[in-house]
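Let me begin by presenting the structure, written as structure tokens, before commenting on it.
2 protein chains.
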Amino acid sequence: MNKKLGASPRVGIRDVAAAAGVSPTTVSHALSGARAINAETRARVLDAAQRLGYSPDPRARGLRSARSYTIGLLSDNIATTPYAGLLISGAQDAAAEHQSVVLALDSNGIAEREQRGISTLKNYRVDGIVYARMYHQQVSVPTELDGAHIVLADASSLDLSYSSVVPNEVGIGTDAIKHLTSVGHRRIGFVNLSESAPAVMGREQGYRQGMQDAGIPVDESLIVATTAGVQGGREAARKLLDRPNRPSAIFCFNDEAAMGVYQTAHEMGLAIPNDLSIIGVDNLELVSRALVPMLTTIALPHYEMGHWAVSRLFEPQEMASADRIHRQLPCELIQRDSVARPRS
Amino acid sequence: MNKKLGASPRVGIRDVAAAAGVSPTTVSHALSGARAINAETRARVLDAAQRLGYSPDPRARGLRSARSYTIGLLSDNIATTPYAGLLISGAQDAAAEHQSVVLALDSNGIAEREQRGISTLKNYRVDGIVYARMYHQQVSVPTELDGAHIVLADASSLDLSYSSVVPNEVGIGTDAIKHLTSVGHRRIGFVNLSESAPAVMGREQGYRQGMQDAGIPVDESLIVATTAGVQGGREAARKLLDRPNRPSAIFCFNDEAAMGVYQTAHEMGLAIPNDLSIIGVDNLELVSRALVPMLTTIALPHYEMGHWAVSRLFEPQEMASADRIHRQLPCELIQRDSVARPRS
DNA sequence: TTGAAAGCGCTAACAG
DNA sequence: CTGTTAGCGCTTTCAA
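Sequence lines, in order, name chains A and B. Under the working numbering, the first residue of the first sequence carries the number 29, and numbering increases by one thereafter. Under the working numbering, the first residue of the second sequence carries the number 29, and numbering increases by one thereafter.
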């Protein structure tokens, strides 16, 4: 007991070679498909490998072929942010499709930890790096990463020399408004953050676009910028609802803000969705399913971003050409119970 | 541009050896401390290594020395569960302290994915495995892992042949009750889950213990088992509060249940904390800070469990002896605004 | 206290 | 289509 994993003398490529009556080279190529092999020989090798439970040691493989079969994932706070961990899951799945694995390192937003993370990834000779953020933001890639094979996830950078994948922020706005106008709303408030981030700008643009698409002139007083968090949502709702001609629906920057709007609506005796329809962004199940009534919201494609980023790292064009792709992924509207047609 | 990471011909042990005027062997030993080296020579080597920015390739190292400098972390849904990702952070930090890295694989609760994860970890020749769960539960370690070097995190198993680390569930209960009784509560409700899990049993035991410690006989009708989720909290609160002699405080199995209790209290026109004090477990910031008033709760030691588990893997005793440690970590009470002394 | 040689498990380069 | 040889970068043996 307490043997090391694989203590039973691991079967190596020589064992398979012996069993199949061929050379190790042939086994290697039969398994990797790197060169043409007689079909029958190949079958014999595959069979032997299977029987012996052989699978190549990625370290030895990498040592020789200058690949590590490992992708690095450098993030700020993803591991500790609700559901953003899905980005990691997506990355893992994509890596697995290429017989690779992901080494996820979370800097927790601390610069020094990021530095160490970069060193670690370099040490482990990762084949590529996903540089990710927990929410869509503009980043500048650390210079220590220069020359590395990098894709940005849930982040974009000023210089466009890295491929990147982010949510379609404008689409989030237009989809939300489209959903609201389609059930009859015309006075629609927008609770936005008072920061300058891609998500903030994009969703506002989408809001304006959506209103325009519905032929509704934008009433600037219906757009209120507030601070992050539930508290911000409460305050913004107060401004929006505490007036004679209040909106019949509110599009919230995220679910947290929406939660604040719920609270204010409750205080004011407004019934959701009949007196006020609400739509959020994030699909934080913990919040959106807990609210009464359950919140209609737009889910961010975390899993998909992680998957796309890693897949991209494996594409030959990414390696070869200078053409970078900047992809915006669509976001899904999750219909629950906080939207209804307006009264009257 | 677009060179591979470390394309600039990486400095190897030979370069350092040349620069320091010694053999590669000496460099290796000077850096690893595996054998005695003349202090001056050693200094020269260290200096050269530093200057050249050398650090050994873990793959080559591992290939020779039968270690991979990699710890595997096999979990069910940790990456996608709010804040449980902290367990991974803790594991990473502990691994870094031992020049290692963690390969985190999330099965998403799918058996087939777990199987593949195990194969992957075996392939990568990890030095040890943390078998983790997103919440404290009883597990049986897959037989495929037999012979591996394993520690359980946020999980325990029937056979005690693996070291494990879990939250002190009983302590959670006694701490909660102690806090409540210390401000004067005597009729304290307990909203528990109707499952049979270590957390459920442990917290109830802690509740009883806490009441006993305060010299208060347990009123069985004050303990109500309900389903998981906010909805369960709402129903349980209804049972507890809709009676003449209602409790002045409620200890909730978790924050979600607490959220449900808040909602019911609101509906019934009960003011928190003055009419009803509430205490939760989990410290889901998204929930506990969002509620009005903010929720007093008990935080689970996710980070610490991850850290402990990996640290344990590196301890020689763990390797050598059959003595397994089953550790219960203390949990911190986070005081916010949902507890006050009862109305006379 | 140090160095030279061998080899971890695999794949690339070079034959045939 | 297949095999032989060499060597990835390091650490371990063995020898001095």
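Cβ atoms here follow ideal geometry from the backbone N, Cα and C, with glycine treated the same way. These numbers come from a predicted model, not from an experiment.
Chain A contact for residue i (CB, 9 Å cutoff)
i	result
B/Tyr111	yes
B/Gly40	no
B/Ile106	yes
B/Met29	Interpretation of B/Met29 is limited by its pLDDT of 32, a score under 50 that renders its predicted location unreliable; the figure taken from the coordinates is listed afterwards. For B/Met29, the answer is yes, since a Cβ of chain A falls inside 9 Å of its Cβ.
B/Asp134	yes
B/His294	yes
B/Pro321	no
B/Asn151	yes
B/Ser83	yes
B/Thr148	yes
B/Lys32	The predicted position of B/Lys32 is uncertain, since its pLDDT is 42 and thus under 50; a value taken from the coordinates is nonetheless stated next. Taking Cβ atoms only, chain A reaches closer than 9 Å to B/Lys32, which makes this a yes.
B/Ala297	It is worth fixing the name first, because residue 297 of chain B is Gly in this sequence and not Ala. No, B/Gly297 does not count as interfacial toward chain A.
Where the alpha helix (DSSP H) through residue i begins and ends
i	result
A/Ile200	Glu197 to Ser210
B/Thr292	Asp283 to Glu295
A/Thr148	Ala139 to Asn151
A/Arg317	Here A/Arg317 belongs to no alpha helix (DSSP H), and DSSP marks it neither H nor E.
A/Asp43	Ile41 to Ala48
A/Thr69	Ala67 to Leu80
B/Ala453	Nothing can be reported for residue 453 of chain B, as the shown portion of chain B is limited to 29 through 372.
Collapsed DSSP secondary structure at residue i in the structure displayed
i	result
B/Asn220	strand
A/Thr98	strand
A/Gln127	coil
A/Ser374	Look at the range of chain A in this structure, 29 to 372, and you will see that residue 374 of chain A is not part of it.
B/Ser60	helix
A/Glu232	helix
A/Asp121	helix
A/Ser184	strand
A/Ile353	coil
A/Ile362	strand
Where the beta strand (DSSP E) containing residue i begins and where it ends
i	result
A/Ile244	Note, A/Ile244: premise wrong, no beta strand (DSSP E); not H, not E.
B/Tyr159	Gly156 to Val167
A/Gly308	Ser305 to Asp310
A/Thr324	Thr324 to Ala327
A/Ala277	Ala277 to Cys280
Cβ-based burial, residue i [other Cβ within 10 Å; buried from 16]
i	result
B/Asp365	exposed
B/Thr171	exposed
B/Ala48	buried
B/Gln291	buried
B/Ala337	buried
B/Arg161	buried
B/Asp283	buried
A/His213	buried
A/His354	exposed
A/Asp351	exposed
A/Ser222	exposed
B/Ala76	buried
B/Asn220	buried
A/Thr21	Missing from the structure shown is residue 21 of chain A; chain A here goes from 29 to 372 and no further.
B/Val211	exposed
Cβ of residue i within 9 Å of any chain B Cβ
i	result
A/Ile24	Here chain A comprises residues numbered 29 to 372, so residue 24 of chain A is not present and cannot be evaluated.
A/Gly308	no
A/Pro301	no
A/Leu6	Residue 6 of chain A cannot be examined here, being either before or after the span of chain A that is shown, 29 to 372.
A/Ala124	yes
A/Ala88	yes
A/Val44	no
A/Val219	no
A/Gly288	yes
A/Gln120	yes
Given residue i as reference, the closest of the options once Cα atoms are compared
i	options	result
B/Ala119	A/Arg89, A/Ala107, A/Ala227 and A/Tyr290	A/Ala107
B/His335	B/Ile99, B/Ala76 and B/Asn311	B/Ile99
B/Glu343	B/Ala45, B/Ala123 and B/Gln165	B/Ala123
A/Gly90	A/Thr69, A/His126 and A/Asp155	A/Asp155
A/Gly201	A/Gly137, A/Ser56, A/Glu332 and A/Asp241	A/Asp241
B/Arg274	B/Arg72, B/Gln166, B/Val252 and B/Gly257	B/Val252
A/Met322	A/Ala368, A/Leu131, A/Pro52 and A/Asn196	A/Ala368
A/Ile300	A/Val309, A/Ser83, A/Leu319 and A/Ala285	A/Leu319
A/Glu313	A/Thr324, A/Ser305, A/Asp303 and A/Ile306	A/Thr324
B/Arg79	B/Ile157, B/Asp85 and B/Ala71	B/Ala71
A/Tyr235	A/Ala225, A/Gly257, A/His207 and A/Val211	A/His207
Residue i Cβ short of 8 Å to the ligand COA heavy atom set
i	result
B/Thr109	Absence of the ligand COA from the depicted structure is noted, as is the absence of any ligand whatsoever, leaving it without description.
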